[in-house]
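Structure, as structure tokens:
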Amino acid sequence: MIVLQVNQIHKSFGAEEILSGVKLEVQHRDRVALVGRNGAGKSTLLKIISGEISYDSGDIIMPKDLTVGYLEQQSKLESDMTIWDEMMTIFSGFREQEQQLRRLEEQMADPAVYNNQEINEKVMQEYDALQHAFKDAGGYQYEADTRAILHGMKFYSDDYGKKVVSLSGGQKTRLMLAKHLLTKPQLLILDEPTNHLDIETLSWLENYLKNYPGAILVVSHDRYFLDQVVNIVYEVSRHQVRKFTGNYSRYLDEKAKQYELDQKQFEKQQSEKAKLEDYVARNLVRASTTKMAQSRRRVLEKTDWMEAPDGNEKSARFGFTIAKQSGNDVLNVRDLKIGYSGKPVSENINVKLYRQESLALVGPNGVGKSTLLKTIIKEIPPLNGDIHYGTGIQFGYYDQEQANLKGNKLVLNELWDDYPMVNEKDIRGILGRFLFSGDDVLKPVSSLSGGEKARVALAKLMMQKANVLLLDEPTNHLDLDSKEVLENALLDYPGTILFVSHDRYFMNRISTKVVELMKEGTTEYLGDYDYYVEKKLETEELKALEEAENPSVINKPETAASTSQIDKEAKKLERQLTRQLEEVEQDMEKLDLQIAETEEQFTDPEIFQDHERLLPLQQQLEELKGQHEETMALWLELQEKLEQLAN
Numbered sequence: 001m002i003v004l005q006v007n008q009i010h011k012s013f014g015a016e017e018i019l020s021g022v023k024l025e026v027q028h029r030d031r032v033a034l035v036g037r038n039g040a041g042k043s044t045l046l047k048i049i050s051g052e053i054s055y056d057s058g059d060i061i062m063p064k065d066l067t068v069g070y071l072e073q074q075s076k077l078e079s080d081m082t083i084w085d086e087m088m089t090i091f092s093g094f095r096e097q098e099q100q101l102r103r104l105e106e107q108m109a110d111p112a113v114y115n116n117q118e119i120n121e122k123v124m125q126e127y128d129a130l131q132h133a134f135k136d137a138g139g140y141q142y143e144a145d146t147r148a149i150l151h152g153m154k155f156y157s158d159d160y161g162k163k164v165v166s167l168s169g170g171q172k173t174r175l176m177l178a179k180h181l182l183t184k185p186q187l188l189i190l191d192e193p194t195n196h197l198d199i200e201t202l203s204w205l206e207n208y209l210k211n212y213p214g215a216i217l218v219v220s221h222d223r224y225f226l227d228q229v230v231n232i233v234y235e236v237s238r239h240q241v242r243k244f245t246g247n248y249s250r251y252l253d254e255k256a257k258q259y260e261l262d263q264k265q266f267e268k269q270q271s272e273k274a275k276l277e278d279y280v281a282r283n284l285v286r287a288s289t290t291k292m293a294q295s296r297r298r299v300l301e302k303t304d305w306m307e308a309p310d311g312n313e314k315s316a317r318f319g320f321t322i323a324k325q326s327g328n329d330v331l332n333v334r335d336l337k338i339g340y341s342g343k344p345v346s347e348n349i350n351v352k353l354y355r356q357e358s359l360a361l362v363g364p365n366g367v368g369k370s371t372l373l374k375t376i377i378k379e380i381p382p383l384n385g386d387i388h389y390g391t392g393i394q395f396g397y398y399d400q401e402q403a404n405l406k407g408n409k410l411v412l413n414e415l416w417d418d419y420p421m422v423n424e425k426d427i428r429g430i431l432g433r434f435l436f437s438g439d440d441v442l443k444p445v446s447s448l449s450g451g452e453k454a455r456v457a458l459a460k461l462m463m464q465k466a467n468v469l470l471l472d473e474p475t476n477h478l479d480l481d482s483k484e485v486l487e488n489a490l491l492d493y494p495g496t497i498l499f500v501s502h503d504r505y506f507m508n509r510i511s512t513k514v515v516e517l518m519k520e521g522t523t524e525y526l527g528d529y530d531y532y533v534e535k536k537l538e539t540e541e542l543k544a545l546e547e548a549e550n551p552s553v554i555n556k557p558e559t560a561a562s563t564s565q566i567d568k569e570a571k572k573l574e575r576q577l578t579r580q581l582e583e584v585e586q587d588m589e590k591l592d593l594q595i596a597e598t599e600e601q602f603t604d605p606e607i608f609q610d611h612e613r614l615l616p617l618q619q620q621l622e623e624l625k626g627q628h629e630e631t632m633a634l635w636l637e638l639q640e641k642l643e644q645l646a647n
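The following block contains the structure:
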């Protein structure tokens, strides 16, 4: 079933054309990605589809009863309610039904009703019908669903009483995402949903979206996420879109093949065009050949010549150099405690960094990764411990908040004021390498998009020629093309890198070792991100085997040792539940596929018109849906048990 058709959509802002003749189609249970460079029009297209902004011409076709959920990049969720009450607004219908059920129960308990057979039967019939409708619609599981999704989005029972207005911008965006997931619209539109999510939450969201019952249309710059979730990619480029089947990696392969074909076709056309132009130039003035030349000139004018495959889509081109080499020992952090205003965030931090290493700092949100970077550059004083700096080190710091950019300055002055001895031509040349050309350099910084500000910050960082780069979420706001340029620049960088990132693909390409930061300390892994994940799983499996081989006595009086053992048992149970949850999710995925395949058979005219074949098919579909409901109930039960363990 088609849930969305976009036909010949045109959109301009003033004289600037954004979209031209865009076509796009989304079917039930499709997972569709919109990809393209910053400014290509991806978010504009999502806003048009969701009805947020108008379009100049074309058609948006959706079924009348289609439910649509749209998550913007910046959440507009402003509420004086608590987190739990805000989530319960989704289920106002269920809550009214619950109240009605309670009223009917009170009536049935009333002796006057109970002793009147006619009235009693009528009330019981009404109660029975309402209860069945309530159960079939999911009325007995909506609170469990809510807890499971809030847990996935890192909101725990202790957070439920917090006011929504007191949350940070990132927390509001996560809460809005949770609301959309609970609402379960038939078309879920997500604009950069992976922003503000740590790696654990990202993994949870990926697994959830794989089993999502509706269609998904998403814009994201997270390659791991796109590879895991989507099965169709539309590339937005030069005001139009082009469709590719498969995940993001498949799209890259197909695009490369298409580029080669387009380039050959373009070169062939250019050769033909050059011959025609040459013929016209040589023969137009000759009386004997002027008619032939005029005929070829008309061919030149009427032919729709193919544009160059590259078009005007330039890539940034930059690299990082160093002014002087540092010593071999760059940084030695020992027993460090960090925090603000005397309140610790993390402690027992131990990190060693050597020349030309690239260290990825990972950990959950709020554990102090950014705080550690700021402590290292002495922007925040340490609460305890020691930081030993190597000889000859020069730090270059990239702030994810871009707080060092002055909103009232022009782009040109952001660089020139820091380096007044460099002439204007060279400053403009550097900005040109970061895609700021002509009058772009005279724009106020405050008017720039997130991606443009990131490029300005990277330009300033490049000019520092520091031999140690501290990067806090450097890929935030960058499109996929700019990310690749940054990755290549960092791979060629002759200095040392310490960085924080939630981009797993970026970490895999850049990191030579990973340090996991938790509130109670750090753990070092000598490899890239995939190695870190592999070793963590291996460690957990070894612990589980040890516990299985050496079962402890649980019935001892509770001492420090027995408490520790109970904790181990809880962790073991958590791992078992997690494995069961993964198995159930796989079962749900298989059932979803079987349901989709069975439903597709209903569209076959031969089957649809044959009642003998249709009846068993209908029974099979009902059985599959029943199994799906039972599996979903088990999934929710496991999620609830995991949540209880966490609390």
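Each residue of the sequence shown is one higher than the one before, counting from 1 in UniProt numbering. All C-beta atoms in this analysis are idealised placements derived from N, C-alpha and C, irrespective of residue type, glycine included.
In whole angstroms, what separates the C-alpha of V233 from that of L34? Their backbone Cα atoms lie some 6 Å apart in a straight line.
Going by the DSSP bridge assignment, what does G69 pair with across the sheet? Residue pairing by DSSP places G69 opposite L188 in a beta bridge.
Between V22 and Q240, is the Cβ-Cβ spacing less than 8 Å? Yes; because the gap between Cβ atoms is below 8 Å, this pair is in contact.
Under the rule that 16 or more other beta-carbon atoms within 10 Å means buried, what is K122, buried or exposed? With fewer than 16 other Cβ atoms within 10 Å, it is exposed.
State buried or exposed for S326, treating a residue as buried only when at least 16 other CB atoms are found within 10 Å of its CB. Label assigned to S326: buried.
Distance, T303 Cα to V32 Cα: Cα to Cα, V32 sits roughly 34 Å from T303.
DSSP three-state call for T183: helix, strand or coil? Residue state, collapsed to three classes: helix.
Spatial neighbours of E540 in its chain, beta-carbon cut-off 7 Å, leaving aside the 5 residues before and after: Around E540: R575.
Bounding residues of the beta strand (DSSP E) (the contiguous stretch that carries P344): Here the beta strand (DSSP E) through P344 covers K343 to Y354.
Measuring only the C-alpha atoms, how far is V533 from D145? Looking at the two C-alpha atoms, the distance is approximately 28 Å.
Output needed for D198: all residues of its chain with C-beta closer than 7 Å, excluding positions within five of it in sequence on either side, in chain order. Apart from sequence neighbours up to five positions away, the residues of its chain that approach D198 with a beta-carbon distance below 7 Å are P364, N365 and H502, ordered along the chain.
Can you grab the Cα-Cα spacing for the pair H10 / D136, in whole Å? Near 43 Å, if we compare the C-alpha coordinates of D136 and H10.
Any idea if W635 is buried or exposed, counting beta-carbon neighbours within 10 angstroms, 16 or more meaning buried? It counts as buried.
Express the C-alpha separation of I60 and E599 in angstroms, rounding to a whole number. Their Cα atoms are separated by approximately 26 Å.
Tell me whether the beta-carbon of I349 lies closer than 8 Å to the beta-carbon of L373. No, Cβ-Cβ distance for I349 and L373 is not below 8 Å.
Cβ atoms of L498 and K513: under 8 Å apart, would you say? Not a contact, by the Cβ cut-off of 8 Å.
Complete alpha helix (DSSP H) runs within the region 380-452 (minimum length 4 residues, chain order): Qualifying alpha helix (DSSP H) stretches, in chain order: 411-416 and 424-433.
Is the beta carbon of L410 less than 8 Å from the beta carbon of P444? Yes. Within cutoff.
Beta-carbon contacts of S12 that lie in its chain and below 7 Å, excluding the five residues immediately before and after: Result list for S12: I18 and D56, in chain order.
Under 8 Å, with one C-beta from each stretch per pair, do the region 214-224 and the region 33-49 reach the 3-pair mark? As far as the Cβ criterion goes, the region 214-224 touches the region 33-49, which means the pair count is three or higher.
Classify M518 as helix, strand or coil using the three-state DSSP reduction. M518: strand per DSSP, three-state reduction.
For the pair the region 351-358 and the region 327-337, tell me if three or more CB-CB distances fall below 8 Å. With a cut-off of 8 Å, the region 327-337 and the region 351-358 count as touching, because enough Cβ pairs lie within range.
Pick out whichever of L177, S54 and E98 has its Cα sitting closest to the Cα of Q74. That would be L177, whose Cα lies nearest to the Cα of Q74.
Considering only C-alpha positions, which residue in the set T375, V515, D191 and E379 is nearest to G385? Here the closest residue by C-alpha is T375.
The alpha helix (DSSP H) with A148 in it runs from where to where? Counting along the chain, the alpha helix (DSSP H) containing A148 begins and ends at Y142 to G152.
Can you check which of these residues, M463, I595, E583 and G626, is closest to N207 by C-alpha distance? Checking every option, the nearest Cα to that of N207 belongs to E583.
Would the region 433-452 count as touching the region 391-399 if we require 3 or more Cβ pairs under 8 Å? The answer is no - the region 391-399 does not touch the region 433-452, with fewer than three Cβ pairs under 8 Å.
At 4 residues or longer, and completely inside the region 10-59: list those alpha helix (DSSP H) runs for me, N to C. Qualifying alpha helix (DSSP H) stretches, in chain order: 42-50.
By a C-beta neighbour count over all protein chains shown, 10 Å radius and 16 as the cutoff for buried, is Y156 buried or exposed? Per the 10 Å Cβ criterion, exposed.
In three-state terms, what does DSSP make of K556? Any reading at K556 is ruled out, since the residue's pLDDT is 42, under 50, leaving its predicted position unreliable.
Helix, strand or coil: which one does DSSP assign to D158? Correct three-state label for D158: helix.
Buried/exposed call for N408, threshold 16 Cβ in 10 Å: With fewer than 16 other beta carbons inside 10 angstroms of its own, N408 counts as exposed.
May I ask you to report which of helix, strand or coil DSSP gives I199? I199 falls in the helix class under three-state DSSP.
Determine the direct distance from the alpha carbon of V280 to that of M292, and round the result to whole angstroms. The alpha-carbon atoms of M292 and V280 are separated by roughly 8 Å.
Here's the rule: buried if 16 or more other CB atoms are within 10 angstroms of the residue's CB, otherwise exposed. What is T578? Its Cβ having fewer than 16 others within 10 Å, T578 is exposed.
Where Y529 and G69 are concerned, what is the direct C-alpha to C-alpha distance, given to the nearest angstrom? If I take the Cα positions, the gap works out to 33 Å.
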